[in-house]
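**Q** After the structure tokens below, expect a handful of questions from me.
Protein chains: 4
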Amino acid sequence: MTKTRLEAFSDGVLAIIITIMVLELKTPRGTNWEAIRPLVPVFTCYVLSFTIIAIYWGNHHHLLHTVSHINSKIIWANTHLLFWLSLIPFATAWMGENHFERISVAAYAVLQTTCSIAYYILLRVIAGSHPHNTHLREPLEKQSKKGVISLLLYLSAVPAAFIHTAISASLFFLVAVIWLIPDRNIEKALKE
Amino acid sequence: MTKTRLEAFSDGVLAIIITIMVLELKTPRGTNWEAIRPLVPVFTCYVLSFTIIAIYWGNHHHLLHTVSHINSKIIWANTHLLFWLSLIPFATAWMGENHFERISVAAYAVLQTTCSIAYYILLRVIAGSHPHNTHLREPLEKQSKKGVISLLLYLSAVPAAFIHTAISASLFFLVAVIWLIPDRNIEKALKE
Amino acid sequence: MTKTRLEAFSDGVLAIIITIMVLELKTPRGTNWEAIRPLVPVFTCYVLSFTIIAIYWGNHHHLLHTVSHINSKIIWANTHLLFWLSLIPFATAWMGENHFERISVAAYAVLQTTCSIAYYILLRVIAGSHPHNTHLREPLEKQSKKGVISLLLYLSAVPAAFIHTAISASLFFLVAVIWLIPDRNIEKALKE
Amino acid sequence: MTKTRLEAFSDGVLAIIITIMVLELKTPRGTNWEAIRPLVPVFTCYVLSFTIIAIYWGNHHHLLHTVSHINSKIIWANTHLLFWLSLIPFATAWMGENHFERISVAAYAVLQTTCSIAYYILLRVIAGSHPHNTHLREPLEKQSKKGVISLLLYLSAVPAAFIHTAISASLFFLVAVIWLIPDRNIEKALKE
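The listed protein sequences derive, respectively, from chains A, B, C and D. Numbered according to our numbering, the first sequence spans residues 14 to 205. Numbered according to our numbering, the second sequence spans residues 14 to 205. Numbered according to our numbering, the third sequence spans residues 14 to 205. Numbered according to our numbering, the fourth sequence spans residues 14 to 205.
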């Protein structure tokens, strides 16, 4: 019951975060190329952030699937994660409307690093609360490994933005690819 | 459990998409006809998009009703669909605020075609994951047939917008009618 | 299962409708009385609409509580109701920002009349689909009676707005009171 | 069933309230310090209100966890609480955009006092409806005690804002700390 409600609240917040980003796609006045052009970077950022939040939702879902009980620490680690994720629409809009200006790209990378840390904390808290849950071991190890790699890639994207923002963009893209590649073990865990 | 959460997330996103569209109905200053008139096309688009998203919700609901298990492919096909659906409020506002200007109508038709394709992919992925589920066969066949017809109608609405936008509008209307006509077989499937 | 999802989608839409209305309370620049004064009518409208939507949520909840199965007709009657309810934030903002100008009050009354009709249709469709459900009889009769009275009061508020908007406002207030008065029978039905 | 839906609706409203606040973080034009500086107070208020609403969600969740049945009184006490909570995004934005001007801080304190009262009413109504539920006793006593302390702290923050707004800010901070300190008894109650 408790777990259901934690999932419901997280789903609600994630669904709203992913959807209100579309409000940043301000309706252009006019239908010619001049009117649409400023939307191209905003739209690109939307696709990126939508993918990242969808990955978080998927991972969150896999992680909680095998969790057996919830305590206050898990609730707060989860709320902490949701707080940082809730800032993604703002960072997305800022980066998009400033046409990938380097400080805005670095800020986006900082936020994604913080979100990765928050997710990693949630992972550790859940692992610590379920020391004997063998079903959790596999997804935890997979997500931990991928999580640390993502964190390092996002962290590298911060200074990279000051060399060339395209490097940061490639790193963001790389993280998405790492998570989107199908993962046989998670599949297997789900089937059990 | 897994299926419940996929439905909850989808319901959340669809509920938000369908409701934030109303934010595009900007409160007019004043209450005379001059103030209200610009809202007429925006409102017409709202009714159209509300109906289309409600139909997606209904179909999604019928489709997942008989699904027995969820895998990563289904999760991603579903997220892919939600991505395109999330753009409907933007396309709706653009078409409404530009008073059915032909490029905006064509863009709306392109988006609806893409949504149809995304729904069709979800349908195929679910069918592929449940080869022996006989309860799924009937809704799948019905939705596939109607889905392909819708897709073709939406696709025709793209060039039609450049001849006369009223043709595209009629095609949008036609698709809605096709889905709103009660379907005895889906009813029957639900009763089982 | 099916019923759960209909409730979840309705809850989502109602939760969003009730909450996005607060976005119409535009943050005033400054903290003196001059800055706050224009918010008074907007806030009054917010309280009114919040109460009305909360009543719809409560009634919807009581009604579906004893429903045993869902069919396409119920789904569409429910969607039809949600459509009209989704326009309440717009009508609320229009009435508030125009300081209860008579046309905006009449429009609000028209919308509430339409919502009442939509709710009554849902009531009839559910009653028609459950001819032998004795648990439904009592809430149905109660809600039907109150529903018809509300509808007539809202309808009277349309012409009343052109005599004096205070009459319409009193009628809106009266409808809220009718529904907020505790109803022993619904309580009893819930306990069973 | 009934309880599930009350939780779902409350979760929906709370998730939306907590998330739409981010819309007040208006995307700055430009990426230099001048452009970002006005966001600092708005962001501080966002962190504060996010924490407060997350605490309400956590407490609401603990409280309803051991509730066995729902009646009309509980539904209305809950709706009454949601109404006041729904005004938090507005009060947050007002305080942030006016850079903690004393009247806006006092207004924020008044709203938080009212929310505390509304929560206390819900607590009493639930306690009154479950006179023999021993599982409820412990969370009720804990939340009542902390609730009254919070209420008094918020109430003191109202006049304090006119002496120095930093005193009010410290009181808001103190309330958050009181609730965030882990509470062994609630943990214990959850485990049962």
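C-beta: ideal position from N, C-alpha, C; glycine also. All values derive from a computational prediction rather than experimental measurement.
Going by alpha carbons, who is nearest to alanine 179 (chain C) out of C:Leu164, C:Ile66, C:Arg115 and C:Leu166?
**A** The residue you call residue 179 (chain C) lines up with position 166 of the third sequence. Of the candidates C:Leu164, C:Ile66, C:Arg115 and C:Leu166, the one whose C-alpha sits nearest the C-alpha of alanine 179 (chain C) is C:Arg115.
**Q** Measure the alpha-carbon distance for threonine 57 (chain C) versus threonine 32 (chain C) and round it to whole angstroms.
**A** For this step, residue 57 (chain C) is matched to residue 44 along the third sequence. For this step, residue 32 (chain C) is matched to residue 19 along the third sequence. Using only the alpha carbons, I get a separation of about 15 Å.
**Q** Determine, using beta carbons only, whether glycine 43 (chain A) and serine 85 (chain B) come nearer to each other than 9 Å.
**A** The residue you call residue 43 (chain A) lines up with position 30 of the first sequence. The residue you call residue 85 (chain B) lines up with position 72 of the second sequence. No, they are not a contact pair.
**Q** Taking the alpha helix (DSSP H) that serine 157 (chain B) falls in, what are its first and last residues?
**A** On the second sequence, residue 157 (chain B) is found 144 positions in, with the first residue counted as 1. Residues 147-176.
**Q** Can you give me, in chain order, the residues of the segment 68-80 of chain C that have a beta carbon less than 8 Å from any beta carbon in chain D?
**A** Cβ contacts with chain D come from Trp70, Gly71, His74 and His78.
**Q** Kindly say whether proline 41 (chain B), judged by its beta-carbon, lies nearer than 9 Å to any beta-carbon of chain C.
**A** Here residue 41 (chain B) is taken as the residue at index 28 of the second sequence, counted from 1. By this cut-off, proline 41 (chain B) is an interface position.
**Q** For chain A, is any of its Cβ atoms less than 9 Å away from the one on arginine 50 (chain B)?
**A** Residue numbering aside, residue 50 (chain B) sits at position 37 when the second sequence is read from its first letter. Answer no: the Cβ-Cβ gap between arginine 50 (chain B) and chain A never drops below 9 Å.
**Q** Let me check you understand the geometry: is the CB of leucine 19 (chain C) closer than 8 Å to at least one non-hydrogen atom of the ligand MG?
**A** In the structure on display, the ligand MG does not appear, and there are no ligands present to speak of.
**Q** Of all the CB atoms in chain C, is at least one closer than 9 Å to the CB of alanine 179 (chain D)?
**A** As a working mapping, residue 179 (chain D) is identified with position 166 in the fourth sequence. Chain C contact via Cβ: absent.
**Q** Quick one: which chain C residues come within Cβ less than 7 Å of isoleucine 29 (chain B)?
**A** By 1-based counting over the second sequence, the position of residue 29 (chain B) is 16. Those within 7 Å of isoleucine 29 (chain B) in chain C are Ile29.
**Q** Residue range of the alpha helix (DSSP H) that glutamate 110 (chain A) falls in?
**A** Translated into the one-based positions of the first sequence, residue 110 (chain A) becomes position 97. From DSSP, the alpha helix (DSSP H) with glutamate 110 (chain A) extends over 101-110.
**Q** When you compare the segment 99-112 of chain A with the segment 52-68 of chain A, are there three or more beta-carbon pairs, one atom per stretch, that lie closer than 8 Å?
**A** Because the criterion of three Cβ pairs below 8 Å is met, the segment 99-112 of chain A and the segment 52-68 of chain A touch.
**Q** Kindly indicate if chain D contains any beta-carbon less than 9 Å away from that of isoleucine 44 (chain C).
**A** Numbered from its first residue, the third sequence carries residue 44 (chain C) at position 31. It is threonine, not isoleucine, that sits at residue 44 (chain C) in the sequence shown. Answer yes: the Cβ-Cβ gap between threonine 44 (chain C) and chain D drops below 9 Å somewhere.
**Q** If I measure Cβ to Cβ from tryptophan 46 (chain C) and keep anything under 7 Å in the same chain, skipping five residues before and after, which residues do I get?
**A** Taking the first residue of the third sequence as position 1, residue 46 (chain C) is located at position 33. Closer than 7 Å at Cβ, skipping near neighbours: no residue.
**Q** Residues of chain C with CB under 7 Å from glycine 25 (chain D), in chain order?
**A** As a first step, residue 25 (chain D) is located in the fourth sequence; it is residue number 12 there, counting from the start. What glycine 25 (chain D) touches in chain C: Asp24, Gly25 and Ala28.
**Q** Among C:Arg18, C:Thr15, C:Pro51 and C:Leu61, which has the Cα closest to the Cα of phenylalanine 186 (chain C)?
**A** For the purposes of this step, residue 186 (chain C) is taken as the residue at position 173 of the third sequence. Comparing Cα-Cα distances from phenylalanine 186 (chain C) to each of C:Arg18, C:Thr15, C:Pro51 and C:Leu61, the minimum goes to C:Leu61.
**Q** Going by Cα to Cα distance, which pick from A:Thr147, A:Thr105, A:Pro144 and A:Ile134 is closest to serine 157 (chain A)?
**A** Against the first sequence, residue 157 (chain A) aligns to sequence position 144. Among A:Thr147, A:Thr105, A:Pro144 and A:Ile134, the Cα nearest to that of serine 157 (chain A) belongs to A:Ile134.
**Q** Going by Cα to Cα distance, which pick from C:Val118, C:His143 and C:Ile130 is closest to valine 8 (chain C)?
**A** Residue 8 (chain C) falls outside the range modelled here, since chain C spans only 14 to 205, and no answer is possible.
**Q** Arginine 137 (chain C): buried (16+ other C-beta within 10 angstroms of its C-beta) or exposed?
**A** Sequence index remark: in the third sequence, residue 137 (chain C) carries index 124 (1-based). Exposed: under 16 other Cβ atoms inside 10 Å.
**Q** Show which residues of chain D have a CB atom less than 8 Å away from the CB atom of glutamate 151 (chain C).
**A** Taking the third sequence and counting its residues from 1, one reaches residue 151 (chain C) at position 138. Within chain D, no residue comes near glutamate 151 (chain C); the closest Cβ sits about 14 Å away, beyond 8 Å.
**Q** Measure how close the beta-carbons of leucine 94 (chain B) and isoleucine 66 (chain B) come, nearest whole angstrom, since I'm counting them as under 8 Å.
**A** Position 81 of the second sequence, counted from the first residue, corresponds to residue 94 (chain B). Position 53 of the second sequence, counted from the first residue, corresponds to residue 66 (chain B). Not really, about 12 Å apart at Cβ, beyond 8 Å.
**Q** Report yes or no: is there a C-beta of chain A within less than 9 Å of the C-beta of leucine 135 (chain B)?
**A** Translated into positions along the second sequence, residue 135 (chain B) becomes position 122. Taking Cβ atoms only, chain A never reaches closer than 9 Å to leucine 135 (chain B), which makes this a no.
**Q** Would you mind stating whether glycine 25 (chain C) and glycine 25 (chain B) have Cβ atoms separated by less than 9 Å?
**A** As a working note, residue 25 (chain C) is residue 12 in the third sequence. As a working note, residue 25 (chain B) is residue 12 in the second sequence. Their beta carbons are under 9 Å apart, which means glycine 25 (chain C) touches glycine 25 (chain B) by this criterion.
**Q** Under a Cβ-count criterion, where at least 16 other Cβ atoms within 10 Å of its own Cβ denotes burial, should serine 183 (chain D) be classed as buried or exposed?
**A** Position 170 of the fourth sequence, counted from the first residue, corresponds to residue 183 (chain D). By the 10 Å Cβ count, serine 183 (chain D) comes out exposed.
**Q** Considering only residues of the same chain and omitting the five flanking positions on each side of leucine 100 (chain B), which have a CB-CB separation below 8 Å?
**A** Your numbering for residue 100 (chain B) matches position 87 in the second sequence. Excluding sequence neighbours, leucine 100 (chain B) sits near Leu124.
**Q** Could you tell me whether any Cβ in chain C is nearer than 9 Å to the Cβ of tryptophan 107 (chain D)?
**A** Here residue 107 (chain D) refers to the residue found at position 94 when the fourth sequence is read from its first residue. Cβ-Cβ to chain C under 9 Å: yes for tryptophan 107 (chain D).
**Q** Do valine 80 (chain A) and tyrosine 159 (chain A) come within 9 Å of each other at the CB atom, strictly closer than that value?
**A** Along the first sequence, read from residue 1 onward, the residue named residue 159 (chain A) stands at position 146. Along the first sequence, read from residue 1 onward, the residue named residue 80 (chain A) stands at position 67. Here residue 159 (chain A) is lysine; the residue named in the question, tyrosine, does not match the sequence. No.
**Q** Please list, in chain order, the chain B residues whose beta carbon lies closer than 7 Å to that of alanine 174 (chain C).
**A** Along the third sequence, one-based indexing puts residue 174 (chain C) at 161. Within chain B, no residue comes near alanine 174 (chain C); the closest Cβ sits about 11 Å away, beyond 7 Å.
**Q** Which value, in whole angstroms, describes the spacing of the CA atoms of alanine 120 (chain A) and leucine 77 (chain B)?
**A** Translated into positions along the first sequence, residue 120 (chain A) becomes position 107. Translated into positions along the second sequence, residue 77 (chain B) becomes position 64. Answer to the nearest angstrom: the Cα atoms are 40 Å apart.
**Q** Rounding to the nearest angstrom, what Cα-Cα distance links phenylalanine 96 (chain C) and alanine 28 (chain D) in this structure?
**A** For the purposes of this step, residue 96 (chain C) is identified with residue 83 of the third sequence, where counting begins at 1. For the purposes of this step, residue 28 (chain D) is identified with residue 15 of the fourth sequence, where counting begins at 1. When rounded, the distance between both Cα atoms is 22 Å.
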